[in-house]
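Chemist: Under full-length UniProt numbering, the sequence shown is numbered contiguously, ending at residue 263.
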Amino acid sequence: MAGVLAVTLSGCVITPGVPAPSDTQGRVEQDGARQDDARQGKGDLEVEAGVLKGRVVGTDGKPIQGAEIVADNQLLYDSNLVVSTDADGLYRVDTDVAATFHVTASKKIDFNGKTYLVELAPEDDTSFAGPTGAVRNFTWKLTGEKPDDLGHYGSSVLFYLDSVDPQNSEVYLEDENVEVTLTPEGPLADGSQGSTITRKAIRTPDGSGLVDVPLGRYRISANYQGRPLQVGLRNSGQYAAELVADFTQHISSVYWIELELKL
Numbered sequence: 001m002a003g004v005l006a007v008t009l010s011g012c013v014i015t016p017g018v019p020a021p022s023d024t025q026g027r028v029e030q031d032g033a034r035q036d037d038a039r040q041g042k043g044d045l046e047v048e049a050g051v052l053k054g055r056v057v058g059t060d061g062k063p064i065q066g067a068e069i070v071a072d073n074q075l076l077y078d079s080n081l082v083v084s085t086d087a088d089g090l091y092r093v094d095t096d097v098a099a100t101f102h103v104t105a106s107k108k109i110d111f112n113g114k115t116y117l118v119e120l121a122p123e124d125d126t127s128f129a130g131p132t133g134a135v136r137n138f139t140w141k142l143t144g145e146k147p148d149d150l151g152h153y154g155s156s157v158l159f160y161l162d163s164v165d166p167q168n169s170e171v172y173l174e175d176e177n178v179e180v181t182l183t184p185e186g187p188l189a190d191g192s193q194g195s196t197i198t199r200k201a202i203r204t205p206d207g208s209g210l211v212d213v214p215l216g217r218y219r220i221s222a223n224y225q226g227r228p229l230q231v232g233l234r235n236s237g238q239y240a241a242e243l244v245a246d247f248t249q250h251i252s253s254v255y256w257i258e259l260e261l262k263l
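(1) Taking the DSSP output, what are the residues bridged to HIS152?
(2) Does the distance from the CB of PRO184 to the CB of TYR224 come in under 8 angstroms?
(3) Go through its chain and collect everything with a Cβ distance to GLY58's Cβ below 8 angstroms, but skip five positions before and after it.
(4) In this structure, does DSSP put GLU176 in helix, strand or coil?
(5) Which value, in whole angstroms, describes the spacing of the CA atoms of GLU46 and VAL135?
(6) Determine the direct distance from the alpha carbon of ARG55 to that of GLU179, and round the result to whole angstroms.
(7) In angstroms, rounded to a whole number, what distance separates the CA positions of ALA241 and GLN230?
(8) Could you please give the first and the last residue of the uninterrupted beta strand (DSSP E) stretch that includes GLU68?
(9) Threshold first: 3 residues or longer. Then list the beta strand (DSSP E) segments lying entirely within the region 194-232, N to C.
(10) Which two residues bound the contiguous beta strand (DSSP E) that contains GLU260?
(11) For the beta strand (DSSP E) that contains ILE109, what are its first and last residues?
(12) Mapping the DSSP letters down to three states, classify ALA129 as helix, strand or coil.
(13) If you follow the beta strand (DSSP E) that GLY54 is part of, which residue opens it and which one closes it?
(14) ILE251 by DSSP, collapsed to three states: which one?
(15) Rounded to the nearest angstrom, how far is the Cβ of GLU68 from that of LYS114, given a contact under 8 angstroms?
(16) Please list the terminal residues of the continuous beta strand (DSSP E) segment that includes THR85.
(17) Per DSSP, what kind of secondary structure is GLN30 in: helix, strand or coil?
(18) Between the alpha carbons of THR198 and TYR255, how many angstroms are there, rounded?
(19) I need the boundaries of the beta strand (DSSP E) containing VAL118, first residue and last residue.
(20) Tell me which residue opens and which closes the beta strand (DSSP E) that LEU45 is part of.
(21) Say whether the region 147-157 touches the region 167-175, bearing in mind that this needs 3 or more beta-carbon pairs closer than 8 angstroms, one atom from each stretch.
(22) What does a CB cutoff of less than 6 angstroms around LEU243 pick up in its chain, not counting 5 residues either side in sequence?
(23) Is VAL97 helix, strand or coil when you go by DSSP?
(24) Drop a sphere of 10 angstroms on the beta-carbon of ASN168, count the other beta-carbons inside from all chains shown, and report buried for 16 or more, exposed for fewer.
(25) Can you tell me where the beta strand (DSSP E) holding LEU243 begins and where it ends?
(26) On the criterion of 16 or more Cβ atoms from any shown chain inside 10 Å, does PRO214 qualify as buried, or is it exposed?
(27) Can you tell which of GLU123, ASP125, ALA105 and LEU142 has the C-alpha that lies nearest to the C-alpha of GLN193?
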């Protein structure tokens, strides 16, 4: 049904009485009042009682169509509101119920023959009361810290280092002495041109390696205090001076490249 926004509530599909923004005009009419949301700049949307709305843009500031917005009802289990953005990157949904909502956003992208789920960064991550309404805008970020210390928007390159030094059996190789170089092979996931990354490894709860790496395809090499390391994909049994690899899904929107390194 054209112009009707489908919302998922407790596993059911409901069609609210408020029309969605038109793909061509980006306008919403409610109680005779016209909301020219699509014509306003980022951050210019005004709070409307009982309505959650906002805009989603990419790393280049352009609207993202088809991003999924989830308004998590924090009082009732499995009663979230789910809505998608239109061609102008806009969304809106009624929230005029006695509940508090927390809003998240994500977008599926196709990149180098794989489908990735990327989390989008909120301008405002605070919860709000449904009857009050709120504006929650989101941006696609390739890197940076997520709210509430929940990790990074970038991905991780992790490795397992063979601790044996073939030149000295009494020396135990340490992960912190590994330096990894990542050279982009083609554009990054957002279509932008990346740059070469060279960093010392750090220890993380997930393992040793590099964190907050922009999603892309990389040519990877590594060294141990200046000595070249042999590089292989985890459990492949094959090593080379360098390799080209894509990120693979670990869980949900978390993506890793897992390596094995040895002298």
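All residues carry an ideal CB built from backbone N, CA and C; glycine is no exception.
Modeler: Judging by the given coordinates:
(1) One-based indexing of the sequence shown puts residue 152 at position 152. The partner list for HIS152 (beta bridge, DSSP) reads GLU145.
(2) In the sequence shown, counting from the first residue as 1, residue 184 sits at position 184. In the sequence shown, counting from the first residue as 1, residue 224 sits at position 224. No; because the gap between Cβ atoms is not below 8 angstroms, this pair is not in contact.
(3) Numbered from 1 along the sequence shown, position 58 holds the residue referred to as residue 58. Within the same chain, GLY58 has close Cβ partners ILE64, THR139, TRP140 and ASP190.
(4) Taking the first residue of the sequence shown as position 1, residue 176 is located at position 176. GLU176: helix per DSSP, three-state reduction.
(5) For this step, residue 46 is matched to residue 46 along the sequence shown. For this step, residue 135 is matched to residue 135 along the sequence shown. The alpha-carbon atoms of GLU46 and VAL135 are separated by roughly 7 angstroms.
(6) For the purposes of this step, residue 179 is identified with residue 179 of the sequence shown, where counting begins at 1. For the purposes of this step, residue 55 is identified with residue 55 of the sequence shown, where counting begins at 1. Going by the C-alpha atoms only, they are around 40 angstroms apart.
(7) Working through the sequence shown from its first residue, we reach residue 241 at position 241. Working through the sequence shown from its first residue, we reach residue 230 at position 230. Approximately 5 angstroms between the Cα atoms of the pair.
(8) Taking the first residue of the sequence shown as position 1, residue 68 is located at position 68. That run of the beta strand (DSSP E) goes 68-73.
(9) 197-200, 202-204, 207-213 and 217-224
(10) Start at 1 with the first residue of the sequence shown, and residue 260 comes out as number 260. 254-262 is the span of the beta strand (DSSP E), which, as asked, contains GLU260.
(11) Position 109 of the sequence shown holds residue 109. 100-111 is the span of the beta strand (DSSP E), which, as asked, contains ILE109.
(12) Indexing the sequence shown from 1 puts residue 129 at position 129. DSSP places ALA129 in strand when its eight states are reduced to three.
(13) Numbered from its first residue, the sequence shown carries residue 54 at position 54. Counting along the chain, the beta strand (DSSP E) containing GLY54 begins and ends at 51-57.
(14) For the purposes of this step, residue 251 is taken as residue 251 along the sequence shown, with counting starting at 1. Reduced to three states, the DSSP call for ILE251 is strand.
(15) Your numbering for residue 68 matches position 68 in the sequence shown. Your numbering for residue 114 matches position 114 in the sequence shown. No, GLU68 and LYS114 are not in contact; Cβ-Cβ is about 18 angstroms, not under 8 angstroms.
(16) Counting from 1 along the sequence shown, the entry for residue 85 is found at position 85. No beta strand (DSSP E) holds THR85; DSSP gives it neither H nor E.
(17) Sequence index remark: in the sequence shown, residue 30 carries index 30 (1-based). Residue placement at GLN30 is poorly supported in this model, since its pLDDT is 34, which falls under 50; the coordinates still yield a value, given next. In the structure shown, GLN30 sits in a strand (DSSP, three-state: E or B).
(18) Sequence index remark: in the sequence shown, residue 198 carries index 198 (1-based). Sequence index remark: in the sequence shown, residue 255 carries index 255 (1-based). Going from the Cα of THR198 to the Cα of TYR255 covers about 19 angstroms.
(19) As a position in the sequence shown, residue 118 is number 118, starting the count at 1. Taken as a continuous stretch (DSSP letters only), the beta strand (DSSP E) holding VAL118 covers 114-119.
(20) The residue you call residue 45 lines up with position 45 of the sequence shown. From DSSP, LEU45 is part of no beta strand (DSSP E); its letter is neither H nor E.
(21) no
(22) Position 243 of the sequence shown holds residue 243. Excluding residues within five positions, the ones whose Cβ falls inside 6 angstroms are ILE220 and VAL231.
(23) By one-based count along the sequence shown, residue 97 stands at place 97. Correct three-state label for VAL97: coil.
(24) Within the sequence shown, numbered from 1, the residue matching residue 168 stands at position 168. With fewer than 16 other Cβ atoms within 10 Å, it is exposed.
(25) By one-based count along the sequence shown, residue 243 stands at place 243. Looking at the DSSP string, the run of the beta strand (DSSP E) that includes LEU243 is 243-246.
(26) Position 214 of the sequence shown, counted from the first residue, corresponds to residue 214. Classification of PRO214: buried, given that the 10 Å Cβ count is 16 or more.
(27) For the purposes of this step, residue 193 is taken as the residue at position 193 of the sequence shown. Comparing Cα positions, the closest option is LEU142.
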